[in-house]
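S.K.:
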Amino acid sequence: MSDTLLKLSDINISFSGVQILKNVNMQIQKGEIHCLIGENGCGKSTIVKIVSGVYKPDSGTIEINGKSHSVMNPTAAMEEGIQIIWQDFSVFPNLTVFENIALNQDLYNKNFFVNQKERRKLARHALDLIGVDIDLDATVGSLSVAKKQLVAIARALLNNAKFIIMDEPTTALTKNEVASLFKVVKDLQKQGMTILFIGHKLDEVFEIAENFTIIRNGEVVKEGQTKDFNQEDFVYYMTGRNIKESLFDAPNMDKDSKPVFETKDLCLENEFENVSLHINSGEILGITGLLGSGRTELALSLYGMHPATGGEVFLDGKKIQVKSIDDAIKQGIVYLPEDRHTEGLCMRRAIYHNIHMSTFDKFVGKNGISESDMYDDALKWVDKFHIVTPNVENPVATLSGGNAQKVVISRLMSMNPKVLILNGPTVGVDVGAKFDIHEEIRRIAGEGVAVILISDDIAEVHANCNRIMVMRAGRITDEVRNCDVTEEELAEMLSRQE
Amino acid sequence: MNKIKKLLSLPESFCLLITIVLFIVIQLRSGQFFTSNNITDLLASYTVPGIMAMGSLIVFISGGLDISFPALCSLGGFITLTVFKDFTGSVIIPFLFCSLVCGLLGMFNGVIIAKFRFAPLIVTLATEALFWGILHGILRAREISVLPACFEKLQDSVIWVATNPETGISSQLPGVFLIFVGVVILSSLLLRKTVYGRKLFAVGGNPSAAENVGINVFWIRVSAYIISGITAGIACLCRSMIIGNYHPNALYGYEYNVISMVVLGGCSLSGGRGSVIGTIFGVILIQTMNLSLTLMNVPTYWQKFCTGVIMIIGISYSAYRTMKSSQTLSGVMNKTDDKVKEVK
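In order, the protein sequences belong to chains A and B. Per the numbering used here, the first sequence starts with residue 1, numbered consecutively. Per the numbering used here, the second sequence starts with residue 1, numbered consecutively.
Have a look at this one:
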């Protein structure tokens, strides 16, 4: 067909002897939204880098608009109208919105002087193209992630783009932001733009893409039209195994005993009020709500980071005070933060150091800290939570998202907690690894730890929490058992307006 | 009102505020501050640190750091003054020559830092020692008490003479002050009006993004060090002309002065933020303080003490502002209250 915009044939590439892509063939038609999906590390980003000319393939050809390129380079890619929106957006946090958008154009035209008036006009025009309104003089660093992304998109459009590649654009976005991004993407398609969407979240693929290519371990395993497939097929092709989650029903819950953890009318000024919850040993309690519903604030308050300004907290029936993180830890309340990279781990430190970051004291002997004891003990945790690594002395940064998260969980469990608060435990984790983490969480609950799972991933909460509380505008508005509702009903509760 | 608030929130404003307070305090203590000859003396004293600060600012904006420039320009200045010892032509020639030598030395810094991605602090610490070593060890530099003849005309030029009617002391504003003014205007134009200047900000703000949009990050970084070398070289010649001689150790330890000025002027140490106007406020603040405290017979170590106090206040002020702008709580209930009000 003459309408093929991009055609990759028999692309091979290897790095230091490891073959990353094997005979990859892929076609993208003009004007379509195509989705390239696969688990992390399967070679998706490598394909992007080959198309954009950052990497050179060992063999194979790239055909763009019928023209064959054996080697691409970034300038040639730009001239063909290929624009990439990188995962980190590649924006300049210190510059204003209009400068970020217009800088490319100045570079492209090899201008010497800048014309601020012209640049503002250009930036306004670009933002109009995607139909959004952002203050041109705002510093980009002060914008939300979603707006940063819109700035990156606007910048891409200016350079005569015909084909936009978006590398995992939804990773850091909330549900609402994803929805408005998709609207922008669909508008662009109507204007004749071709879009390649790189992702790993399945529901999003179904929502946006017409055609897809699935990659596993560097090989194309399936391609076709999204309407011919369902979610389970996708999971199977992506992971190579059949995954089906059952509804968790707290089998080890001791129904007659008193709750392990309980709050009464907990309040934090301006953030949430009258939160009363209780949880028994062996239960997984889900708390869900949209961004800004107060769910994260509640978690931080239970953990003592922002101590509650009113209400009472009980542990094992005794009233306790949680005025600081230190208090919380002493009482056996531990917290898994939303962003494991910046709040949960020291990425450059060894895995075994990370596992024992909270329990260094245990390994202090006469001769100071015993590295070997720490090492040996860490192996137990690696074994217990199935962390896949060749060596626990490797830095955490070498692990995949799922395994890194298991390191955080190991660290928390090494503190022998009574209450485990998980805030978004599978954010940015692959389908397969997500399933594994859910298994671990269920096992932890089975050992008698009271688990509070906070997440905006409705499917996750629905499948893994035997009881779910819905938060809206700082208040608990609903409480249901997971077997009594469907995911759709739960989603409706989240966004219901009074 | 909003505009005033926005202006006050700029880091530059802090520097300006402290400067104004300082002026008033000195005037109250000595009564001699706002006299024409004192102001003239002060303006003249801004020349050397001011020119150097512009180069430093540009390096800071590109995300780098240069502490070697006093050694670098002492070396470049000595070479220039030796080469042009008997030269009688235009004064522009030795200036160009000095810029070339210092630019090359700056390039040496820049290439090492940008090519191997070493920490700029370590590299310039090393080259600083290297430059001092070459100056004293290899070139055996000594004081040059008579400058080459070609400098004479510029050296003797005077913009104005101010005489204090009470004390009868008169002060001159030397012609080289215009060089300072020129460097400031050029720096400002470069940073604000040229694509090159915006590239400096881009590289300082996010180097990997700069790479992605096709900026040659390596050369931008190197060029910043070249500029820093050139401005320092010019400053060294200017200093020799103001004082009337060259001494190889005259600028020893000067980097701390200049870096304090740039940082107090609101420049970010991590790159991508800073302005010419803020830097000038920084120069005025530190230099005025140093000079005025001398006039008030305050011992040198108290001057350092005061610089330290002002730096700490300056840093705390910007840290406090960062803290306020990155609060973790979002004020969920407040937002909804607003909505409720809207509905009503």
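We treat Cβ as the ideally placed atom computed from N, Cα and C, and that holds for glycine. Bear in mind that the values here come from a model prediction, so they are computed numbers and not experimental data.
Please say whether A/E283 and A/A463 have beta carbons closer to each other than 8 Å?
M.R.: Residue numbering aside, residue 463 of chain A sits at position 463 when the first sequence is read from its first letter. Residue numbering aside, residue 283 of chain A sits at position 283 when the first sequence is read from its first letter. No, the pair does not count as a contact, with Cβ atoms beyond the cut-off.
S.K.: Against chain A, does B/S208 count as a neighbour if the rule is that its beta carbon must be under 8 Å from one of theirs?
M.R.: Residue mapping note: residue 208 of chain B aligns to position 208 of the second sequence, counting from 1. Yes, contact with chain A.
S.K.: Taking A/E99 as the query, report the chain B residues whose CB atoms sit under 7 Å from its CB, ordered along the chain.
M.R.: The residue you call residue 99 of chain A lines up with position 99 of the first sequence. Going along chain B in sequence order, the residues near A/E99 (Cβ under 7 Å) are R198.
S.K.: Taking DSSP as the reference, what is the three-state secondary structure of B/K344?
M.R.: Start at 1 with the first residue of the second sequence, and residue 344 of chain B comes out as number 344. Reliability of the predicted coordinates at B/K344 is poor, the pLDDT of 34 falling under 50, and the value obtained from them is presented with this limitation in mind. The answer is coil: DSSP assigns B/K344 none of H, G, I, E or B.
S.K.: Going by DSSP, what residue range makes up the alpha helix (DSSP H) through A/S59?
M.R.: For the purposes of this step, residue 59 of chain A is taken as the residue at position 59 of the first sequence. Unbroken run through A/S59 is the beta strand (DSSP E), 59 to 64; no alpha helix (DSSP H).
S.K.: Compute the distance between the beta-carbons of B/L125 and B/I220, then report whether it is under 8 Å.
M.R.: Taking the first residue of the second sequence as position 1, residue 125 of chain B is located at position 125. Taking the first residue of the second sequence as position 1, residue 220 of chain B is located at position 220. No, Cβ-Cβ distance for B/L125 and B/I220 is not below 8 Å.
S.K.: Identify every run of the beta strand (DSSP E) within the segment 393 to 466 of chain A, keeping only runs that are complete inside it and at least 3 residues long; order them along the chain.
M.R.: Counting only runs of 3 or more, we get 419 to 423, 450 to 454.
S.K.: So, is the C-beta of B/F60 closer than 8 Å to a C-beta in chain A?
M.R.: Residue numbering aside, residue 60 of chain B sits at position 60 when the second sequence is read from its first letter. It does not: the Cβ of B/F60 has no partner Cβ on chain A nearer than 8 Å.
S.K.: Whose C-alpha, out of A/K162, A/R155, A/T426, A/L150, is nearest the C-alpha of A/P169?
M.R.: Along the first sequence, read from residue 1 onward, the residue named residue 169 of chain A stands at position 169. Of A/K162, A/R155, A/T426, A/L150, the residue nearest in Cα terms is A/L150.
S.K.: Using 8 Å as the limit for Cβ to Cβ distance, is A/L173 near chain E?
M.R.: As a matter of chain content, chain E is missing from the structure shown, whose protein chains are A and B.
S.K.: B/W160 lies in the beta strand (DSSP E); which residues open and close that run?
M.R.: Numbered from its first residue, the second sequence carries residue 160 of chain B at position 160. Residues 158 to 163.
S.K.: Are at least three pairs of beta-carbons, each pair with one atom in the segment 218 to 238 of chain B and one in the segment 294 to 312 of chain B, less than 8 Å apart?
M.R.: They do not touch, by the three-pair rule.
S.K.: With a Cβ-Cβ cutoff of 8 Å, do A/F163 and A/A123 count as a contact?
M.R.: Your numbering for residue 163 of chain A matches position 163 in the first sequence. Your numbering for residue 123 of chain A matches position 123 in the first sequence. Going by C-beta atoms, A/F163 is not nearer than 8 Å to A/A123.
S.K.: Might you give, ordered along the chain, the residues of its own chain that have their beta carbon closer than 6 Å to the beta carbon of A/F89, omitting 5 neighbours on each side?
M.R.: Stepping through the first sequence from its first residue, residue 89 of chain A is reached at position 89. K148, Q149, A152.
S.K.: Could you spell out the range, first to last residue, of the alpha helix (DSSP H) harbouring A/V216?
M.R.: As a working note, residue 216 of chain A is residue 216 in the first sequence. According to the sequence provided, residue 216 of chain A is Arg. The question's Val does not apply to it. Element bounds for A/R216: not the alpha helix (DSSP H) but the beta strand (DSSP E), 211 to 216.
S.K.: Residues of the segment 262 to 278 of chain B with a CB closer than 7 Å to any CB of chain A: list them in chain order, please.
M.R.: So the close ones are G272, R273.
S.K.: Put A/L188 into one of helix, strand or coil per three-state DSSP.
M.R.: In the first sequence, counting from the first residue as 1, residue 188 of chain A sits at position 188. It is helical.
S.K.: Look at the Cβ atom of B/G205, then the Cβ atom of B/G266, and state whether they are nearer than 8 Å.
M.R.: Residue mapping note: residue 205 of chain B aligns to position 205 of the second sequence, counting from 1. Residue mapping note: residue 266 of chain B aligns to position 266 of the second sequence, counting from 1. Contact flag unset, no.
S.K.: Return yes when the Cβ of A/P417 is within less than 8 Å of the Cβ of A/G317, no when it is not.
M.R.: Counted from its first residue, the first sequence places residue 317 of chain A at position 317. Counted from its first residue, the first sequence places residue 417 of chain A at position 417. No, the Cβ-Cβ distance between A/G317 and A/P417 is not below 8 Å.
S.K.: Three-state secondary structure (DSSP) at B/G205?
M.R.: Here residue 205 of chain B refers to the residue found at position 205 of the second sequence. It is helical.
S.K.: Could you list the residues in the segment 89 to 118 of chain A with a C-beta less than 7 Å from some C-beta on chain B, going in chain order?
M.R.: Here the close residues are S90, V91, F92, P93, N94, L95, E99, L103, N104, D106, L107, N111, F112, F113, V114.
S.K.: Just the Cα atoms here: how many angstroms apart are A/T96 and A/L136?
M.R.: For the purposes of this step, residue 96 of chain A is taken as residue 96 along the first sequence, with counting starting at 1. For the purposes of this step, residue 136 of chain A is taken as residue 136 along the first sequence, with counting starting at 1. For A/T96 and A/L136, the distance between alpha carbons rounds to 7 Å.
S.K.: Alpha carbon to alpha carbon, what distance is there between B/I242 and B/F87?
M.R.: As a working note, residue 87 of chain B is residue 87 in the second sequence. As a working note, residue 242 of chain B is residue 242 in the second sequence. Answer to the nearest angstrom: the Cα atoms are 19 Å apart.
S.K.: Any idea if A/R241 is buried or exposed, counting beta-carbon neighbours within 10 angstroms, 16 or more meaning buried?
M.R.: The residue labelled residue 241 of chain A in the question sits at position 241 within the first sequence. Its Cβ having fewer than 16 others within 10 Å, A/R241 is exposed.
S.K.: Tell me the rounded alpha-carbon separation between A/L173 and A/E297.
M.R.: Within the first sequence, numbered from 1, the residue matching residue 173 of chain A stands at position 173. Within the first sequence, numbered from 1, the residue matching residue 297 of chain A stands at position 297. Whole-angstrom Cα-Cα distance: 18 Å.
S.K.: Residues of the segment 43 to 75 of chain A with a CB closer than 8 Å to any CB of chain B: list them in chain order, please.
M.R.: So the close ones are P74, T75.
S.K.: Return helix, strand or coil for A/N40, following the three-state DSSP convention.
M.R.: Position 40 of the first sequence, counted from the first residue, corresponds to residue 40 of chain A. Coil at A/N40, not helix or strand.
S.K.: Please determine, among B/E12, B/N38, B/L7, the residue with the shortest C-alpha to C-alpha distance to B/M296.
M.R.: Taking the second sequence and counting its residues from 1, one reaches residue 296 of chain B at position 296. Closest option to B/M296, Cα to Cα, is B/N38.
S.K.: What is the DSSP secondary structure of A/V221, reduced to helix, strand or coil?
M.R.: Counting from one through the first sequence, the residue named residue 221 of chain A turns up at place 221. In the structure shown, A/V221 sits in a strand (DSSP, three-state: E or B).
S.K.: Can you tell me whether A/N25 is buried or exposed, with buried defined as 16 or more other CB within 10 angstroms of its CB?
M.R.: Looking up residue 25 of chain A in the first sequence gives position 25. It is exposed - the Cβ of A/N25 has fewer than 16 other Cβ atoms within 10 Å.
S.K.: DSSP three-state call for A/C479: helix, strand or coil?
M.R.: Walking along the first sequence from the start, residue 479 of chain A turns up at place 479. Here residue 479 of chain A turns out to be Glu, not Cys, going by the sequence shown. Looking at A/E479 - three-state DSSP - the assignment turns out to be strand.
S.K.: Applying the 10 Å Cβ sphere with the 16-neighbour rule, what's the burial state of A/M193?
M.R.: In the first sequence, the residue the question calls residue 193 of chain A occupies position 193. Flag for A/M193 reads buried.
S.K.: Pick from A/E207, A/Y352, A/L345: whose alpha carbon is nearest that of A/H34?
M.R.: Counting from 1 along the first sequence, the entry for residue 34 of chain A is found at position 34. Comparing Cα positions, the closest option is A/E207.
S.K.: Thinking C-alpha only, which one of A/D249, A/T239, A/V313 is nearest A/E262?
M.R.: Here residue 262 of chain A corresponds to residue number 262 of the first sequence, with the count starting at 1. The option with the nearest alpha carbon to A/E262 is A/V313.
S.K.: Are the beta-carbon atoms of A/L268 and A/A308 separated by less than 8 Å?
M.R.: Locating residue 268 of chain A in the first sequence gives position 268, where the first residue counts as 1. Locating residue 308 of chain A in the first sequence gives position 308, where the first residue counts as 1. Yes, the pair counts as a contact, with Cβ atoms nearer than the cut-off.
S.K.: If we call anything under 8 Å between Cβ atoms a contact, is B/G64 one with B/Y225?
M.R.: In the second sequence, residue 64 of chain B corresponds to position 64, counting from 1. In the second sequence, residue 225 of chain B corresponds to position 225, counting from 1. Against a cut-off of 8 Å, the Cβ pair of B/Y225 and B/G64 comes out as a contact.
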